[in-house]
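> Following this note's numbering, the numbering of the sequence shown begins with 1177 at its first residue and continues without gaps. In this text, a Cβ means the ideal position worked out from N, Cα and C, and glycines have one as well.
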Amino acid sequence: MSQAIALPLFYRDPQPLSAAQHAAWRLKDGDVAFAAETPFVPVVVGEIAAAARSYPVVFSAGEGAQPVAVLGLEQRNLFVAEGRWMDEAYVPAYVRRYPFGFISTINPDGFALAIDAASDRVTRSGEEGAALFDGDQPSQLTQDAMAFCNTFQGEAAATRAFGEALRAQNLLIDRRADATLPDGRKLGLDGFQVIDTERFANLDEAVVLDWHRRGWLALVHFHLASLERFGALLTLQAQAAATAEPATKPTKSKKA
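(1) Starting from serine 1402, follow the alpha helix (DSSP H) in both directions and report where the run begins and ends.
(2) With a 10 Å radius around its C-beta and 16 neighbouring C-beta atoms as the bar for buried, classify alanine 1180 as buried or exposed.
(3) Beta carbon of proline 1218, beta carbon of valine 1244: below 7 Å?
(4) Which partner residues of arginine 1375 appear in the DSSP bridge assignment?
(5) Going by alpha carbons, who is nearest to phenylalanine 1278 out of Thr1318, Ala1414, Phe1398?
(6) Contact defined as beta carbons within less than 8 Å: I believe arginine 1202 pairs with glycine 1305. What is the distance between those atoms, to the nearest angstrom?
(7) Please state whether the Cβ-Cβ distance between glycine 1222 and glutamate 1374 is less than 7 Å.
(8) Using only alpha-carbon positions, find the residue among His1399, Pro1192, Leu1409 that is nearest to leucine 1347.
(9) I believe alanine 1352 touches aspartate 1366 by the beta-carbon criterion, under 8 Å. Please report the beta-carbon distance rounded to the nearest angstrom.
(10) Consult DSSP for threonine 1299 and reduce its assignment to one of helix, strand or coil.
(11) Where do the N-terminal and C-terminal ends of the alpha helix (DSSP H) with alanine 1226 fall, by residue?
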């Protein structure tokens, strides 16, 4: 029996772009409704500082120690409403690159630019939207997407190195966030890790110097400071719950 391939977050039908197959395809303007039901999104090291001002930034419990921005305490992104991302909140690069992305090629170290064919923004014929190709050459839109994804891929490699260093120093510990909403509902978020402050404070001096030069010490401090954002996240969750409550009240019957 064949096993289903796990697709990256948001992507349902990623296809490597080629002029031979996608010459007539175009991309319409769109919104971020595709991210409305995700309570987390991966971030790379170059954006941890910006993400930490808006969200708690934690680490996945898997081997890679992927930094993750927490966007909600349930299966909902509290920063997206009616297809728009909250104006004052940082929009992660992983979201901004969609529906483009990289997929692995036959070459173990190779990647090809892909597009999610299942995206509502993709059209396969007609004149609506911007062209993906000019003849047999990538359009400016596709070239810009390639440049953005190239930068993101380079940051992803640096992010893996940072995660591996955290694992090597045994700094990550399991954590759980629990909250009680004003209506009495209890929420719990687990399956993530944070940096243990005591272990971090006791790092070897040689490691501290090395991490300072690499810029990793600052990343640790941004992560630790971002954990205060769980309080703001709980406030947003309570506001969302209050908005979702029925606004109608029972009507009183009138006397004849």
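The short version:
(1) 1392-1402
(2) Residue placement at alanine 1180 is flagged as unreliable, the pLDDT there being 45, under the threshold of 50; the coordinate-derived value follows with that caveat. It counts as exposed.
(3) yes
(4) DSSP output for arginine 1375 lists no bridge partner at all.
(5) Thr1318
(6) 4 Å
(7) no
(8) His1399
(9) First, the amino acid is wrong: residue 1352 is arginine here, not alanine. About 4 Å separates the two Cβ atoms, so the contact holds.
(10) strand
(11) 1224-1228
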